[in-house]
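This report refers to the structure that appears directly beneath it.
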Amino acid sequence: MNILSLLILIPIITVFGIAFSRSKNMVRIVALVGMSAQLLTAIVLMFSYYATRDAGVTAQMIFYQDIEWFKFLNIHYTVGVDGISVAMILLTGVVTFAGILASWEVEYLQKEFFISLILLATGVFGFFISLDLFLMFLFYEIAVIPMYFLIGIWGTGPKEYSAMKLTLMLMGGSALMTVGLLGLYFNSKGADGQLTFNILEIAKVNIPKSTQMFFFPFIFVGFGVLGALYPFHTWSPDGHASAPTAVSMLHAGVLMKLGGYGCFRVAMYLLPEAANALSWIFIILATISVVYGAFGVIWQKDLKYINAYASVSHVGLITFALMMMNKVTLDGAIIQMISHGLTTALFFALIGMIYGRTHTRMLDKMGGLMKVMPFLAVGFMIAGFSTLGLPGLSGFVAETTVFIGAFQHFDIFHRIATILVVSSIVIAAVYVLRMVGKLLFGPIVDEHHSKLKDAKWFEKISVGTLVIAIAGIGIAPFWLYNLISYSLTPIMSRLNEFSNLYTHIF
Amino acid sequence: MMNLQDFLPMRHEILLVFLMIVIILCEIFISEKSKHYVINISIVLFVLQTIVGFLPIQQGNMFGGMFQNDLFRSTLKNILSIGVLIVFLQSSGWLKKEENKGKISEYFLLLLSTLIGMFFMVSSGDFLMMYLGLELATIPITALAAYERNKSKSAEAGIKLLLISALSTGVLLYGISMIYGTTGSVYFADVAVNFGKSSLQILGLIFFVAGMGFKISLVPFHLWTADVYEGAPISVTAYLSVISKGAAVFIFMIILYKVFGALFDMWNSLLYVLAVVTMTVGNLFAIRQNNMKRFLAFSSIAQAGFILLGILGSNAMGAASVAYFVLIYIVTNLGAFGVVSAIYNASGKEDMREYNGLYKTNPMLSLVMTLALFSLAGIPPVAGFFGKFFLFTSAASHGYYILVLIAVINATISLYYYLRVIKAMFIDPNDNPIPYFKTDVPARIGLVICVAGIFIVGFATSIYEAIYKFTSLM
Chain A
1 MNILSLLILI PIITVFGIAF SRSKNMVRIV ALVGMSAQLL TAIVLMFSYY ATRDAGVTAQ
61 MIFYQDIEWF KFLNIHYTVG VDGISVAMIL LTGVVTFAGI LASWEVEYLQ KEFFISLILL
121 ATGVFGFFIS LDLFLMFLFY EIAVIPMYFL IGIWGTGPKE YSAMKLTLML MGGSALMTVG
181 LLGLYFNSKG ADGQLTFNIL EIAKVNIPKS TQMFFFPFIF VGFGVLGALY PFHTWSPDGH
241 ASAPTAVSML HAGVLMKLGG YGCFRVAMYL LPEAANALSW IFIILATISV VYGAFGVIWQ
301 KDLKYINAYA SVSHVGLITF ALMMMNKVTL DGAIIQMISH GLTTALFFAL IGMIYGRTHT
361 RMLDKMGGLM KVMPFLAVGF MIAGFSTLGL PGLSGFVAET TVFIGAFQHF DIFHRIATIL
421 VVSSIVIAAV YVLRMVGKLL FGPIVDEHHS KLKDAKWFEK ISVGTLVIAI AGIGIAPFWL
481 YNLISYSLTP IMSRLNEFSN LYTHIF
Chain B
507 MMNLQDFLPM RHEILLVFLM IVIILCEIFI SEKSKHYVIN ISIVLFVLQT IVGFLPIQQG
567 NMFGGMFQND LFRSTLKNIL SIGVLIVFLQ SSGWLKKEEN KGKISEYFLL LLSTLIGMFF
627 MVSSGDFLMM YLGLELATIP ITALAAYERN KSKSAEAGIK LLLISALSTG VLLYGISMIY
687 GTTGSVYFAD VAVNFGKSSL QILGLIFFVA GMGFKISLVP FHLWTADVYE GAPISVTAYL
747 SVISKGAAVF IFMIILYKVF GALFDMWNSL LYVLAVVTMT VGNLFAIRQN NMKRFLAFSS
807 IAQAGFILLG ILGSNAMGAA SVAYFVLIYI VTNLGAFGVV SAIYNASGKE DMREYNGLYK
867 TNPMLSLVMT LALFSLAGIP PVAGFFGKFF LFTSAASHGY YILVLIAVIN ATISLYYYLR
927 VIKAMFIDPN DNPIPYFKTD VPARIGLVIC VAGIFIVGFA TSIYEAIYKF TSLM
């Protein structure tokens with residue numbers, strides 16, 4: 001059996017295992033075992049990917065499997081991975097594993113919680129391995145819909161509002177995507193005269209420019225909604241703030257990456273000419289996302305809102321890097337996806353753990369937590385430093401790569417956008433340092449807080465896993481670089497075919 | 507000279523007549539006390555009928571082409587049969603109630619006679635047979651809508667349905683008479699050949715579409731729908747919204763493809779506009795409903811709009827996706843109606859706000875409802891996703907991308923009101939939720955069939971492929 005199908009099968013088996021579990025303890029142990037197996041599979045996948053590449057296999061997609069599904073529409077169950085997908089799968093595995101541990105003490109409707117959480121993860125894993133647009137779309141929607149329950153039932157604050165807003169906006173995005181995918185399908189007639197949803201096949205077809213220009217916005221914006229592209233980002237702060245800890249982690253850490261991944265795997269790879277011609281619009285929007293998100297943070301007092309707006313800013317950076325469209329920025333975009341996924345997951349995990357103890361997320365009601373809970377506080381500092389791009393942590397690697405790549409464009413337009421985006425680093429330093437200083441140092445604001453306990457074993461594992469991953473990328477970025485770099489070549493060469501036509505639009 | 511063998515293409519209809527005769531005999535010979543056995547007898551017999559329906563069919567024409575049967579049409583009949591079977595299973599609990607004791611056989615007889623009407627309609631080869639079938643499929647339903655005669659709403663539903671049916675049939679007949687007048691024939695094959703593009707024929711087409719629009723409850727011919735759905739007993743509402751609508755859609759599609767092929771441009775733009783209006787109005791009105799039956803009524807109007815997208819595809823892919831979607835729609839909507847009817851039978855409640863906290867007390871029913879609503883909204887992995895995606899695909903195959911865009915935006919709007927019900931069941935707190943109750947066995951079997959259908963029809967490609975193959979033979 002194909003190792004990739006295993007990535008879908010394990011979560012489904014876990015869901016059934018949870019459904020038939022009898023005690024509260026059993027439910028979470030089954031969930032943890034299942035997701036550990038999943039993480040293990042992801043790691044095995046990475047090593048066997050390296051091994052296959054070292055053995056000289058040059059195919060674009062490895063572990064390729066193709067089973068016919070709906071014959072008359074030529075819909076297939078097609079899976080396969082390149083280095084980028086492997087990296088995303090690893091990220092998902094780590095974040096899901098940490099998320100299960102972070103929600104170890106969920107009490108209310110515990111069984112349903114873990115089932116929804118793992119269904120969400122199933123959708124994400126499926127999305128990253130599928131090479132058939134129909135299959136990809138199916139998994140995308142499977143990943144979105146459990147969010148409604150997770151936020152609506154287990155959330156805090158205005159949870160019904162946030163859950164509905166998030167679901168409808170993301171489904172609106174997928175509505176746009178439907179049109180785009182159908183457009184791709186009906187223009188995919190290749191050499192064999194067969195319509196197809198297969199990404200690799202469509203990539204061989206040269207779709208006429210006018211068609212590309214029509215469908216590119218549908219697909220890019222459709223995925224962009226999930227990637228919190230300005231002005232479709234408004235679901236994100238509300239959704240993240242209301243969601244329970246593990247859901248925020250998975251959502252900001254992984255689900256938002258579906259947007260960026262879809263943008264380049266589908267929109268840019270399959271419609272390269274339109275991507276070149278329209279990139280300026282999305283560069284403007286992404287620049288606004290980055291700067292606006294960063295300024296948005298400064299106003300916030302709620303820890304979750306702080307991180308949610310910071311996410312808008314950092315995910316905007318992914319779109320920005322994608323649209324800058326050279327080899328270095330694309331590398332940077334992928335690394336930024338991984339880095340932001342881990343960092344923000346760590347942030348949300350810690351916010352959840354702190355909230356579980358202090359019962360407030362308001363910055364002005366807390367202080368001096370370093371003395372009380374040193375482990376969590378150190379974790380929080382690491383997350384903060386990674387966010388502001390301190391060397392040695394993953395954020396630095398990602399952001400530096402993006403900016404180096406972006407500065408390779410010499411025209412005024414790209415230069416200005418780049419400089420604006422770089423300025424967000426400074427703002428990030430302001431809000432991160434202020435938050436860390438107020439929260440962790442200084443006097444203890446609330447007397448009750450001085451008696452709080454530090455992290456328990458499962459919280460330590462959860463935080464530890466994420467910190468190791470973040471520091472790992474920061475210290476040894478080359479292994480991630482090697483993983484993704486080779487796989488970017490076919491996408492890059494597709495984009496380059498048309499890049500000369502549109503460089504001097506301004 | 508016809509011998510018995512020649513009647514074999516009519517197997518579905520003849521068996522159904524036998525079934526009705528058996529029920530009449532039961533009505534006569536079973537004592538008042540044990541009348542409720544009629545329910546079980548009818549259901550068992552109908553199960554047999556459904557199974558026999560799937561046996562290989564003799565294809566052929568009868569009565570000089572008035573009646574036609576082929577693999578596609580018998581597939582459509584089988585789809586309808588499955589739906590009726592589920593309706594029967596769901597209605598048994600309600601029929602056993604004290605106030606319905608005296609009129610159990612009437613329910614089955616009336617319902618089955620409408621089913622015969624639909625079978626004839628689907629198999630019709632000329633306008634006369636189609637008209638006969640349509641009438642037979644409509645008039646007994648008005649009696650069924652007024653089944654709970656001591657409730658004023660039910661009586662109101664009956665009379666409204668009767669008047670509207672009469673009106674719409676009139677409109678339809680008028681259109682048919684124009685077509686007959688200009689082409690000199692009522693046979694589909696002859697009419698199609700003799701089509702010019704005279705304005706009278708176009709007028710005939712418009713009247714035909716309007717008449718069918720009433721039956722399928724397309725906007726702006728939908729005004730009767732909500733009141734009738736609300737007033738009629740739930741199982742009749744389910745039948746109206748699923749089976750009647752499905753049969754009408756089938757014949758509508760067959761006639762548009764086979765007869766009005768020459769006027770393709772005309773009816774395509776007509777249906778384009780109707781689809782947009784129907785989806786949008788149906789959705790916007792559904793948002794405001796709190797009564798579950800009215801809610802499902804408007805949702806079914808919106809779904810009819812989606813079906814038009816498939817018809818617009820106007821090729822084998824379009825026909826197949828419509829038949830496939832109707833099959834999915836049958837199991838899905840009947841699943842939703844099954845839960846509504848179970849709750850109504852147990853507690854008499856049918857307001858959305860009274861469903862608050864249902865998941866805590868009746869988790870299984872809530873889950874079935876959730877699955878059904880997700881399928882209606884087109885969320886994977888349940889079948890509705892596949893059904894809707896294929897409808898969109900067939901519309902896009904003609905380049906109607908803007909229409910698809912409007913449709914998917916509408917699908918997103920529809921998700922909002924479907925989520926309202928889910929929110930009521932799962933999220934909203936309630937101090938006094940509907941207490942736990944046990945659903946009766948037949949209704950439970952019905953729900954199991956629905957849930958199985960909701961999962962299997964989507965993933966099992968063989969079902970779609972079978973439908974597609976038969977369609978291309980049409």
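Chains A and B, in that order, give the protein sequences.
Residue 286 in my numbering sits at position 286 of the first sequence; the count goes up by one each step and never skips.
Plus 506 on top of the position in the second sequence (first one is 1) and you've got my numbering.
C-beta atoms are modelled at their ideal positions from N, C-alpha and C, and glycine is treated no differently.
Local conformation of residue i per DSSP, three classes
{"i": "residue 79 of chain A", "result": "strand"}
{"i": "residue 366 of chain A", "result": "coil"}
{"i": "residue 331 of chain A", "result": "helix"}
{"i": "residue 104 of chain A", "result": "coil"}
{"i": "residue 730 of chain B", "result": "coil"}
{"i": "residue 839 of chain B", "result": "helix"}
{"i": "residue 396 of chain A", "result": "helix"}
{"i": "residue 512 of chain B", "result": "helix"}
{"i": "residue 506 of chain A", "result": "Model confidence at residue 506 of chain A stands at a pLDDT of 45, short of 50, so the residue's coordinates are unreliable and nothing is read from them."}
{"i": "residue 646 of chain B", "result": "helix"}
{"i": "residue 934 of chain B", "result": "coil"}
{"i": "residue 857 of chain B", "result": "strand"}
{"i": "residue 797 of chain B", "result": "strand"}
Per DSSP, cross-strand counterpart(s) of residue i
{"i": "residue 693 of chain B", "result": "B/632"}
{"i": "residue 198 of chain A", "result": "A/132"}
{"i": "residue 141 of chain A", "result": "The partner list for residue 141 of chain A (beta bridge, DSSP) is empty, contrary to what the question assumes."}
{"i": "residue 68 of chain A", "result": "A/76"}
{"i": "residue 408 of chain A", "result": "Bridge partners of residue 408 of chain A: none, in fact."}
{"i": "residue 206 of chain A", "result": "Answer by DSSP bridge pairing: none, since residue 206 of chain A is not bridged."}
{"i": "residue 302 of chain A", "result": "A/362"}
{"i": "residue 62 of chain A", "result": "A/81"}
Enclosing beta strand (DSSP E) for residue i [first to last residue]
{"i": "residue 568 of chain B", "result": "566-568"}
{"i": "residue 573 of chain B", "result": "573-575"}
Supposed contact pair residue j and residue i - C-beta distance, whole angstroms, cut 8 angstroms
{"i": "residue 886 of chain B", "j": "residue 138 of chain A", "result": "5 angstroms"}
{"i": "residue 74 of chain A", "j": "residue 194 of chain A", "result": "6 angstroms"}
{"i": "residue 613 of chain B", "j": "residue 601 of chain B", "result": "6 angstroms"}
{"i": "residue 488 of chain B", "j": "residue 663 of chain B", "result": "A query on residue 488 of chain B cannot be resolved here, the shown segment of chain B reaching from 507 to 980 and no further."}
{"i": "residue 142 of chain A", "j": "residue 119 of chain A", "result": "7 angstroms"}
{"i": "residue 862 of chain B", "j": "residue 934 of chain B", "result": "4 angstroms"}
{"i": "residue 469 of chain A", "j": "residue 393 of chain A", "result": "Their Cβ separation, rounded to whole angstroms, is 11 angstroms, which puts residue 469 of chain A and residue 393 of chain A out of contact at 8 angstroms."}
{"i": "residue 345 of chain A", "j": "residue 249 of chain A", "result": "4 angstroms"}
{"i": "residue 894 of chain B", "j": "residue 917 of chain B", "result": "7 angstroms"}
Identity of the residue in the options nearest residue i by Cα
{"i": "residue 750 of chain B", "options": "B/891, B/593, B/841", "result": "B/593"}
{"i": "residue 960 of chain B", "options": "B/943, B/830, B/940, B/532", "result": "B/830"}
{"i": "residue 348 of chain A", "options": "A/277, A/373, A/253", "result": "A/253"}
{"i": "residue 295 of chain A", "options": "A/88, A/2, A/425, A/101", "result": "A/425"}
{"i": "residue 86 of chain A", "options": "A/76, A/26, A/129", "result": "A/129"}
{"i": "residue 507 of chain A", "options": "A/308, A/206, A/235", "result": "Lying before the first or after the last residue shown, residue 507 of chain A is absent from chain A, which here runs from 1 to 506."}
{"i": "residue 245 of chain A", "options": "A/170, A/361, A/132, A/178", "result": "A/361"}
{"i": "residue 497 of chain B", "options": "B/840, B/558, B/768, B/758", "result": "Only positions 507 to 980 of chain B appear in the structure, and residue 497 of chain B is not among them; the question remains open."}
{"i": "residue 859 of chain B", "options": "B/797, B/821, B/737", "result": "B/797"}
{"i": "residue 971 of chain B", "options": "A/166, A/70, A/59, A/4", "result": "A/70"}
{"i": "residue 419 of chain A", "options": "A/283, A/44, A/95, A/184", "result": "A/283"}
Extent of the continuous alpha helix (DSSP H) to which residue i belongs
{"i": "residue 961 of chain B", "result": "947-965"}
{"i": "residue 374 of chain A", "result": "374-388"}
{"i": "residue 546 of chain B", "result": "543-559"}
{"i": "residue 471 of chain A", "result": "457-475"}
{"i": "residue 266 of chain A", "result": "Looking at the DSSP string, residue 266 of chain A is not in any alpha helix (DSSP H), and its letter there is neither H nor E."}
{"i": "residue 864 of chain B", "result": "864-867"}
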